[in-house]
Amino acid sequence: MKKCYITTPIYYPNAKPHLGSAYTTIIADFLARVYREFNYETFFLTGLDEHGEKIEKVAKENKKEPKDFVDEMAKEFQNAWKKLDISYDYFIRTSDENHKKKVQKFLNEIKENGDIYLGVYNGYYCVGCERYYTEKDLLEGFVCPLHLKKVEKKSIESYFFRLSKYKEALIEFYNKNPGFLRNISIEQIMNSIEDLKDLSISRPKSQLTWGIEIPFDKNHVVYVWFDALLNYYTALNENKSLFWPPDIQLVGKDIVWFHAVIWPAMLIANNKPLPRTLYSHGFLTVDGKKMSKSLGNVVDPIEIVEKYSSDTLRYYLITKIGFGEDGDFSLNAFKDVHNQELIGHYANLANRLAKLAHSFGYKKRKWREIEKVKNVFYELEKNVESYNVNGIIRVYTEMIMPLVSDVNMLLNKEQPWQKRENSKDVIGECLNAFFHISLLLKPLLPYATSLIITNKSKICDIPKDESNLWIPEKENYIIYKKVE
Ligand code: MSP
Numbered sequence: 008m009k010k011c012y013i014t015t016p017i018y019y020p021n022a023k024p025h026l027g028s029a030y031t032t033i034i035a036d037f038l039a040r041v042y043r044e045f046n047y048e049t050f051f052l053t054g055l056d057e058h059g060e061k062i063e064k065v066a067k068e069n070k071k072e073p074k075d076f077v078d079e080m081a082k083e084f085q086n087a088w089k090k091l092d093i094s095y096d097y098f099i100r101t102s103d104e105n106h107k108k109k110v111q112k113f114l115n116e117i118k119e120n121g122d123i124y125l126g127v128y129n130g131y132y133c134v135g136c137e138r139y140y141t142e143k144d145l146l147e148g149f150v151c152p153l154h155l156k157k158v159e160k161k162s163i164e165s166y167f168f169r170l171s172k173y174k175e176a177l178i179e180f181y182n183k184n185p186g187f188l189r190n191i192s193i194e195q196i197m198n199s200i201e202d203l204k205d206l207s208i209s210r211p212k213s214q215l216t217w218g219i220e221i222p223f224d225k226n227h228v229v230y231v232w233f234d235a236l237l238n239y240y241t242a243l244n245e246n247k248s249l250f251w252p253p254d255i256q257l258v259g260k261d262i263v264w265f266h267a268v269i270w271p272a273m274l275i276a277n278n279k280p281l282p283r284t285l286y287s288h289g290f291l292t293v294d295g296k297k298m299s300k301s302l303g304n305v306v307d308p309i310e311i312v313e314k315y316s317s318d319t320l321r322y323y324l325i326t327k328i329g330f331g332e333d334g335d336f337s338l339n340a341f342k343d344v345h346n347q348e349l350i351g352h353y354a355n356l357a358n359r360l361a362k363l364a365h366s367f368g369y370k371k372r373k374w375r376e377i378e379k380v381k382n383v384f385y386e387l388e389k390n391v392e393s394y395n396v397n398g399i400i401r402v403y404t405e406m407i408m409p410l411v412s413d414v415n416m417l418l419n420k421e422q423p424w425q426k427r428e429n430s431k432d433v434i435g436e437c438l439n440a441f442f443h444i445s446l447l448l449k450p451l452l453p454y455a456t457s458l459i460i461t462n463k464s465k466i467c468d469i470p471k472d473e474s475n476l477w478i479p480e481k482e483n484y485i486i487y488k489k490v491e
């Protein structure tokens, strides 16, 4: 089975979705759409990481029970993803009964193998990160490097996962699968596991109640990361189990360690096949500054798509931010991209062609440069087959978008509006080119292309039939609103 199982991290529902969560989700959605276009069985998973102290605290601040609070937040997230045209196949919530049961089963299984034991944990805990740090990870004065706040020193009874036992197995896995870590330095991961310690995976109920109960000890609940990472496994119910293992896992650079080290070790411990790739992406700043509530520069993706379009946000995040690197979101740059590239190049071409076709007619012709479309197709197919996300994004930015300019240039050169002998041929050619370019653009501009490609054609049809034309039904296509 040609399949693609794509995951995003599951987000903490302590606040509404912001540009950072939208970023990963949009890239995952774009990829899911690409794979569907190539007829892969595709399963795109996203969802929420609902347990833990942080959520319990925010719920209390809102005078709500944790479950009621996360139920409301789940609606917010689902609503946001709908507005952003996110086509997930399943939305997992870690408070789902099914997830809880499977986490407990998984724990029982690895306990049977002797991988879980009761011990005492001494550590430095950051509430913001929901994790313990060792002293060497902290800044001077026992300060969390991310939140810049003093951490708490705690000694607690805890169950441990024998992570240290899996160091050699992890090294073997990385060596045998050099394509696993993408946009991630293997040296850094190797350094981080040099002195691999066992992992605390539970908390006594006296400290935390909002979590999954440890199946063999009623006095403990599962520590959030162990619970959260398992979502990728628990989400595949009965008939979806064929999708296992994940093919593309997308994560921000801050949570690479959990996914590159703990997650595979958990799976090795339970004899499960391991994920094919793990892609790290960078952090987005807003006008060069870190997004934060106190700076008041948190970008609300819903406001953006309501004012511009969901295509614009997707186009900007995918083609203007180097995937794997940090990037910046500036409203001025965003507006220019919307007005100049999406309206100026793409939508304007649709309008020019619609008007020409209605005024002068057209003949069924093939674009003289249709080879370019085929080349792009084969390049894209190659990257799809090798699950090369960087490659797929590169094909879109470097090969597909320039085709739009090619057609605009062809029109400028041939000037079919001058009523030349070949006007109908040129218009037909451009309609043929525009159909194929729009077909290729379906995953990147799902909204606009849904107005152009109204039949069931998919990208994978390109080598079979190059003769399709775009037949504009109207003279005017106002695809996007210009924003002043
Ligand atoms: N709940 C955990 C993930 C568990 S996955 C088993 C978590 N949640 S989070 O909501 O804090 O972050 C989710 C994702 O959003 C992370 O991949 C993080 O990198 C990403 N982003 C958060 N802020 C971001 C930016 N400013 N820019 C880009 N992505 C960022 O971590």
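Residue 8 is where the sequence shown starts when you use my numbering, and the numbers rise one by one after that.
Where a beta carbon is used, it is the ideal one built from N, C-alpha and C, also for glycine.
- Message: Rounding to the nearest angstrom, what Cα-Cα distance links I459 and I178 in this structure?
- Response: 49 Å
- Message: Using DSSP's beta-bridge definition, name the partner residues of K54.
- Response: First, the amino acid is wrong: residue 54 is Gly here, not Lys. Paired residue(s): I99.
- Message: For L452, tell me which candidate among D75, P73, L91 has the shortest Cα-Cα distance.
- Response: L91
- Message: Would V433 and H352 be called neighbours here (beta carbons separated by less than 8 Å)?
- Response: no
- By Cβ distance below 7 Å, which residues in the same chain neighbour C467 in space, the five residues on each side in sequence not counted? E44, F45, N46
- Query: Under a three-way DSSP split, which group does G351 fall into?
  - Reply: helix
- Around the Cβ of V490, are there at least 16 other Cβ atoms within 10 angstroms (buried) or fewer (exposed)? exposed
- How do the segment 399-417 and the segment 439-458 stand: do at least 3 beta-carbon pairs fall below 8 Å, yes or no? yes
- Do the CB positions of Y124 and I163 come within less than 8 Å of each other? no
- Query: Apart from the five residues on each side of it in sequence, which residues of its chain come closer than 6 Å, Cβ to Cβ, to D333?
  - Reply: G289, F290
- From the DSSP output, read off the bridge partner residues of I255. I13, T284
- Task: State whether the segment 328-344 contacts the segment 425-443, with contact taken as three or more CB pairs (one from each stretch) at a distance under 8 Å.
- Result: no
- Message: By alpha-carbon positions, which one of I262, I275, N339, G59 ends up nearest to G218?
- Response: G59
- Query: Nearest CA to the CA of Q256: which residue from K9, S213, N238, I193?
  - Reply: N238
- Item | Stretch-stretch touch, CB-based, cutoff 8 Å, three pairs: the segment 66-81 with the segment 219-227 | no
- Query: Helix, strand or coil: which one does DSSP assign to L243?
  - Reply: coil
- Task: Examine the Cβ distances between the segment 263-272 and the segment 242-254 and report whether three or more of them are shorter than 8 Å.
- Result: no
- Task: Measure how close the beta-carbons of P479 and A29 come, nearest whole angstrom, since I'm counting them as under 8 Å.
- Result: Not a contact, Cβ separation roughly 32 Å.
- Message: Suppose contacts are defined by Cβ-Cβ distances below 8 Å. Is T404 in contact with T461 by that definition?
- Response: no
- Query: Regarding Y18 and ligand 1, is the C-beta to nearest heavy atom distance less than 7 Å?
  - Reply: yes
- Query: What does DSSP give as the partner residues of P211 in its beta bridges?
  - Reply: H227
- Message: Tell me which residue opens and which closes the beta strand (DSSP E) that S45 is part of.
- Response: In the sequence under discussion, the amino acid at residue 45 is Phe, which differs from the Ser named in the question. Element bounds for F45: n/a, residue is neither H nor E.
- May I ask which residues mark the beginning and end of the alpha helix (DSSP H) holding N439? 430-448
- Message: So, for I350: in the same chain, excluding its five sequence neighbours on each side, which residues have a beta-carbon less than 7 Å away from its beta-carbon?
- Response: Y487, K489
- Terminal residues of the continuous alpha helix (DSSP H) containing G334? Run containing G334: none in the alpha helix (DSSP H); it sits in the beta strand (DSSP E), 334-336.
- Under the criterion of a Cβ to heavy atom distance below 7 Å, does Y30 qualify as lining ligand 1? yes
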